[in-house]
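Peer 1: I have a structure I would like to understand better, so I am pasting it below and will then ask my questions one at a time.
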Amino acid sequence: MIPATTLFIAVGKRPAQFIARTRRQLVAEFTIPDSPRFADARQIAGFVRDLFLKGEVDQVQIVATRFINTMTQQAGVVEFLPIGEIKGLHIQGAEAEEDFARDNTEILFEPSAEALLSYLFGHYLNIYIYRVLLEAKASEQSARMVAMTNATDNAGALIKDLSLEYNKLRQGNITKELLEIAGGQLGNA
């Protein structure tokens, strides 16, 4: 069950229609061209970021299709904001990892670490939304390609079956005509 305070943002006409049809609260609808542009992602990320920073929403989740490969696309929910713990930091070599753990060097940021993270935060959100848009488009195109391939294969099989049926009927008619001709000549003799 979706809580009453859940707000929805739709990217595209169909999600907006679904949200309206299910009587959920749609706060914004974004339309993007056939090929997603980075400017579109920036607009969406900016709107979502403003909602989050103003405190109008506690968290932001994205429901989208993830492209895995040509035959596999996976729909899922991804946590967008707040940004959780950074995982997957990989340092090459065992020595480098030990050196990193022992290093107590304090790093000075110019500008401040807060200003740098604030700057990178916006870029990260823009890039993340752009990646989601691209994966959704790749998933859509892949699904269309697979559907068209299946339709072409099915049409080819149907044509083959109908051609075989047509040839059987034609051969039957030829045989029937030959029998009538042969039967007519035997009757005339």
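With the numbering used here applied, the sequence shown has no gaps in its numbers, which climb one by one up to 234 at the end.
Glycine residues also receive a C-beta, built at the ideal position from the N, C-alpha and C atoms.
None of these values were measured; they are calculated from a predicted model.
Evaluate I54 with the Cβ neighbour count: other Cβ atoms within 10 Å of its Cβ, from every protein chain shown; 16 or more gives buried, anything less gives exposed.
Peer 2: A buried status is given to I54, since no fewer than 16 other beta-carbon atoms sit within 10 Å of its beta-carbon.
Peer 1: Report back the beta-carbon spacing between S187 and F125 to the nearest angstrom; my notes put them in contact at under 8 Å.
Peer 2: With a Cβ gap of about 23 Å, S187 and F125 do not count as contacting.
Peer 1: I204: buried (16+ other C-beta within 10 angstroms of its C-beta) or exposed?
Peer 2: exposed
Peer 1: If you drop the 5 nearest sequence neighbours on each side, which residues of the same chain put their C-beta closer than 6 Å to that of T110?
Peer 2: The residues are Q118, A120, A181 and S184.
Peer 1: Are there three or more Cβ pairs, one per stretch, closer than 8 Å when the stretch 58-69 is compared with the stretch 156-176?
Peer 2: no
Peer 1: May I ask you to report which of helix, strand or coil DSSP gives F154?
Peer 2: F154 carries a coil assignment under DSSP once its states are collapsed to helix, strand and coil.
Peer 1: Where E143 and I89 are concerned, what is the direct C-alpha to C-alpha distance, given to the nearest angstrom?
Peer 2: 41 Å
Peer 1: Mind pulling the beta strand (DSSP E) runs of 3 or more residues that sit fully within the stretch 87-120?
Peer 2: 105-114
Peer 1: Can you list, in chain order, the residues of its chain whose CB lies under 8 Å from that of A49, leaving out five sequence neighbours each side?
Peer 2: Per-residue confidence for A49 stands at a pLDDT of 48, beneath the threshold of 50, marking its modelled position as unreliable; no derived number is given.
Peer 1: Quick check on this structure: which residue in P60, R82 and A192 has the alpha carbon closest to the alpha carbon of Y173?
Peer 2: R82
Peer 1: Quick check on DSSP: helix, strand or coil for E130?
Peer 2: coil
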